Structure formats: C-alpha cells, structure tokens
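Undergrad:
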Amino acid sequence: MILNTPSLASYNCMIMLSKSTLSPIVDLGRALAVTSIFYFHVGVNTHYPLSQYGHFAVGFFIVLAGLAYMCFSRTHVSDRSSYFRYFGDRLLALFPIFIIVNLLIFAASYVYPSGLGRPYTLGELILSSLGLSQYFGYRYLSVVMWFVPFILQVYLLLPLIERLLARIPPVIVLIVAFLLSFELTMIVSVQYPWKAIEICCSWSPIFRLPEVVLGVFLGMLFSQRARLPSGIVFLAVYIVASFCLLQSANYYPIPEVVAALPCAGLILGVLITVIAVLMFVALSWSIHIRSFRLLGNASFPFFLIHGVAIRFIYAKFGANVFIWLGYFLVCWCASIILALFDRLLPRHFFAPRKK
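All you need for my numbering is the position in the sequence shown, starting with 1, plus 1.
(1) When the distance is taken between beta carbons, is residue 65 closer than 9 Å to residue 34?
(2) Would you tell me roughly how many angstroms separate the C-alpha atoms of residue 214 and residue 203, rounded to the nearest one?
(3) According to the Cβ coordinates, are residue 239 and residue 272 closer than 9 Å?
(4) Where residue 73 and residue 41 are concerned, what is the direct C-alpha to C-alpha distance, given to the nearest angstrom?
(5) On a CA-only basis, which of 149, 83, 232 is nearest residue 305? Give me that one, please.
(6) Can you tell me whether residue 186 is buried or exposed, with buried defined as 16 or more other CB within 10 angstroms of its CB?
(7) Compute the distance between the beta-carbons of residue 38 and residue 58, then report whether it is under 9 Å.
(8) Helix, strand or coil: which one does DSSP assign to residue 30?
(9) Excluding the five sequence neighbours on either side, which residues of its own chain have a C-beta within less than 8 Å of the C-beta of residue 300, listed in chain order?
(10) Suppose you measure from the CA of residue 126 to the CA of residue 170; what does that come to, to the nearest Å?
(11) Quick one: what's got a C-beta closer than 8 Å to residue 254's C-beta in the same chain, skipping five residues either side?
(12) Would you say the stretch 75-94 touches the stretch 147-161, given that touching needs at least three Cβ pairs under 8 Å?
(13) Can you look up residue 225 in the DSSP assignment and give me helix, strand or coil?
(14) Since I believe residue 60 is in contact with residue 262 (beta carbons under 8 Å), could you give me their beta-carbon distance rounded to a whole number of angstroms?
(15) At the level of alpha carbons, what is the spacing between residue 295 and residue 208?
(16) State the DSSP-derived secondary structure class of residue 124, mapped to helix, strand or coil.
(17) Are there three or more Cβ pairs, one per stretch, closer than 8 Å when the stretch 101-108 is compared with the stretch 164-184?
(18) Compare the Cα-Cα distances from residue 26 to each of 140, 283, 243 and report the closest residue.
(19) To the nearest angstrom, how far is the alpha carbon of residue 146 from that of residue 22?
(20) What is the DSSP secondary structure of residue 159, counted as helix, strand or coil?
(21) In angstroms with no decimal places, state the Cα-to-Cα distance between residue 118 and residue 135.
(22) Do residue 308 and residue 112 count as a contact pair if the criterion is CB distance below 9 Å?
(23) Let's see if you can read the secondary structure: which residues bound the alpha helix (DSSP H) around residue 58?
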C-alpha cells in the first residue's frame, strides 16, 4: 500500500502558516487576559459578577511565555553565551517601560497620595523599579508589579524546561513538575500559612511549574517539535493532575486558591484562546496585522498602569459601570501611547556591543 505523505515543502508551508496565524491570536489573547485581570482588580471593590476569577488569567501569561519562547524567540539557546543573550533581550523588552511606569507613579504620588497615605520614598521607587519590593517586605508602586520579577524567573526557566522535554518524556517532566510544586507549596503552607497565598501565587514560578512546562510543550507542538498523539496524552495527564491538585486542598493544608491555579488557569486560558480566535476570524479581513501587534505590545503597559487609579475612582464613583468603562478605555489609550514610545527607545545603547 502506498501512503500519500506531504512533501517537506508543504510541511514547512504549514508551519509558516501556523505561525503567521498564531501571532495575531497571541496578541489578542494578551489583550483579553489583561482585560480579565483589570476586571478582577475592579471587582475587588465593586463585586462585579465573576470578577473573582479574573486573576487566573495570569496563568495564561505563564503558558504564553513558554509558547512564545518556542515559536517566536529570535535567540536559540544552545550555550551559556546565547542563554545570557536571550535573557538580556527579555530584560530590554520589559525594563524600559517598567521603569517609566514606576517613575510616573512615583511622581503622581506627590499629587495624590498613594495607598500608603503619603508619597512614595526614593527607596521604595528603587526597589519597585528593580522588581525587588516584595522580597524586602515593601509594597510595589502598583499592586500588579510583582508580575515583572515573576515572569523574568519564568524566562530563566524556559531554556532548561526545553532541554528537559527534549531529553526526557514530556509526561514524566510534567508529573515531576506537579510533584515538585506540590511539595514546595506544602512546605510554604505549613511554615508560613499567613503568607502562603502571596508566596505561592506571585513570588516565584517554582510553585507554578506545571504551567511553565505546559507553555513550552504547547510551543513544541506548534513548532512541530512534538507529535500530536503525545500532545493529547500530555494534555490528558495535565487535566487529571490539575484536578487531583484541586482536590488535594480538601486533605492537605494548601490554600484552595493555590491548588486551583493549574485547573482554573487552563479553563480560563482555553476560554481566552477561543474568544481570541473568533475575534481574529471576524477582524482579520478589515484590520491590518500591525494593529494586532500594537495591541499585544500595549498589553504590558496596560497591565502595569491599570491598578494605579482604582482606589481613587472607587472612592469617588463607587461601582458606576460607565465610569469604569471610561477608565478602561483611558488605560488602553495611555498604554498604546506608552507602547509606541517604548518602540522609540534606543535599546542599542544598553545592549552589549559585538566584538
């Protein structure tokens, strides 16, 4: 029997088509995920329906980091020098706009007092701008800024996870990731029960390793480095393990919100992805792909700035939907401006010179 198999040229064409379609969907997914997080932070005071689940969209960004690393990274990590070059690129992508937003919030605290009831100090500005506040017992200038040092740690792990998945059966890596994160979460929950949720959710991805592994493996699937049957098995194991971890909160001293991270993050991530795909199908014929790219780039500054005025607006206007919608649009306009400005920054002055 002769089987009709696709040629190498058509196979490569499918990969290119997949990536060209994946990029705008990823950008739309970013925008939807930060919108979910915005809705969560607004809902802390307003108690809008389902707002309590918005923070699980952070898991979408963790998974997305691994997928983007495998599919879109311009630096192939093969040795120590390429590893540092790759991480340097990530630093340059995040820190200029991160520092700018910190400076803006610092200046604004002298116009309207911060959540501390006073302007921020220079020391608080420095710690926040370096992404170190929570590790020294201080508050970031904006409550969401913990995510920057967190995602940088994810970037540090991605090449290691990639290498492990290339050498060890992915299902084994995934199971070990679940067990390791579970054990670390148990230790923190027993030793620091009053701070376990904060530490396990936002201090380090070592407590959320399954999501990191999932992102890298999905990137392997999209980049044709893993076969679909193994992907189905991997996802099945992830779903079962996530459900088991969720149930473990009934038998072990683990905060329920921490145990729910992989399961709830997967559900919300699938929902965000489906909506992003539908939006892309509906809008791709009328909107240039650069607009999707700009929206994706603006998602990071939106994430950083959206929490700044929430306390002030709620004190003045309460749960007025139209006011919050206006604030939402203002944040997006400001974020797009910051994203455009960020593209003009001369990063070559900070990048290491080639010898």
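No residue lacks a Cβ here, since even glycine has one placed at the ideal position from N, Cα and C.
Remember, it's a predicted structure, so these values are computed and weren't measured experimentally.
TA: On the basis of the coordinates in this document:
(1) To locate residue 34, count along the sequence shown from 1; it is residue 33. To locate residue 65, count along the sequence shown from 1; it is residue 64. Yes.
(2) In the sequence shown, counting from the first residue as 1, residue 214 sits at position 213. In the sequence shown, counting from the first residue as 1, residue 203 sits at position 202. So the alpha carbons of these two residues sit roughly 17 Å apart.
(3) Counted from its first residue, the sequence shown places residue 239 at position 238. Counted from its first residue, the sequence shown places residue 272 at position 271. The answer is no: Cβ separation not under 9 Å.
(4) Here residue 73 refers to the residue found at position 72 when the sequence shown is read from its first residue. Here residue 41 refers to the residue found at position 40 when the sequence shown is read from its first residue. As the crow flies, the alpha-carbon of residue 73 is around 29 Å from that of residue 41.
(5) Translated into the one-based positions of the sequence shown, residue 305 becomes position 304. When each option's Cα is compared against that of residue 305, the closest is 149.
(6) Counting from 1 along the sequence shown, the entry for residue 186 is found at position 185. By the neighbour-count rule (16 or more Cβ atoms within 10 Å), residue 186 is buried.
(7) Translated into positions along the sequence shown, residue 38 becomes position 37. Translated into positions along the sequence shown, residue 58 becomes position 57. Contact: yes.
(8) The residue you call residue 30 lines up with position 29 of the sequence shown. Per DSSP, reduced to three states, the secondary structure at residue 30 is helical.
(9) Within the sequence shown, the letter at position 299 stands for residue 300. So the qualifying residues of the chain are 28, 31, 32, 34, 35, 336.
(10) In the sequence shown, counting from the first residue as 1, residue 126 sits at position 125. In the sequence shown, counting from the first residue as 1, residue 170 sits at position 169. Roughly 45 Å between the two C-alpha positions.
(11) Within the sequence shown, the letter at position 253 stands for residue 254. Closer than 8 Å at Cβ, skipping near neighbours: 187, 190, 191, 194.
(12) yes
(13) Looking up residue 225 in the sequence shown gives position 224. Of the three classes helix, strand and coil, the one that applies to residue 225 here is coil, per DSSP.
(14) In the sequence shown, the residue the question calls residue 262 occupies position 261. In the sequence shown, the residue the question calls residue 60 occupies position 59. Residue 262 to residue 60, Cβ: 6 Å. Contact.
(15) Looking up residue 295 in the sequence shown gives position 294. Looking up residue 208 in the sequence shown gives position 207. Distance between the alpha carbons of residue 295 and residue 208: 32 Å.
(16) As a position in the sequence shown, residue 124 is number 123, starting the count at 1. The answer is helix: DSSP assigns residue 124 an H, G or I state.
(17) no
(18) Sequence index remark: in the sequence shown, residue 26 carries index 25 (1-based). Among 140, 283, 243, the Cα nearest to that of residue 26 belongs to 283.
(19) Against the sequence shown, residue 146 aligns to sequence position 145. Against the sequence shown, residue 22 aligns to sequence position 21. If I take the Cα positions, the gap works out to 30 Å.
(20) Within the sequence shown, residue 159 is the residue found at index 158, counting from 1. Residue 159 carries a helical assignment under DSSP once its states are collapsed to helix, strand and coil.
(21) One-based indexing of the sequence shown puts residue 118 at position 117. One-based indexing of the sequence shown puts residue 135 at position 134. Straight-line Cα distance between these residues: approximately 19 Å.
(22) As a first step, residue 112 must be located in the sequence shown, where it is residue number 111. As a first step, residue 308 must be located in the sequence shown, where it is residue number 307. No, these two residues do not count as a Cβ contact at 9 Å.
(23) Mapped onto the sequence shown, residue 58 falls at position 57. Run containing residue 58: none; DSSP gives neither H nor E here.
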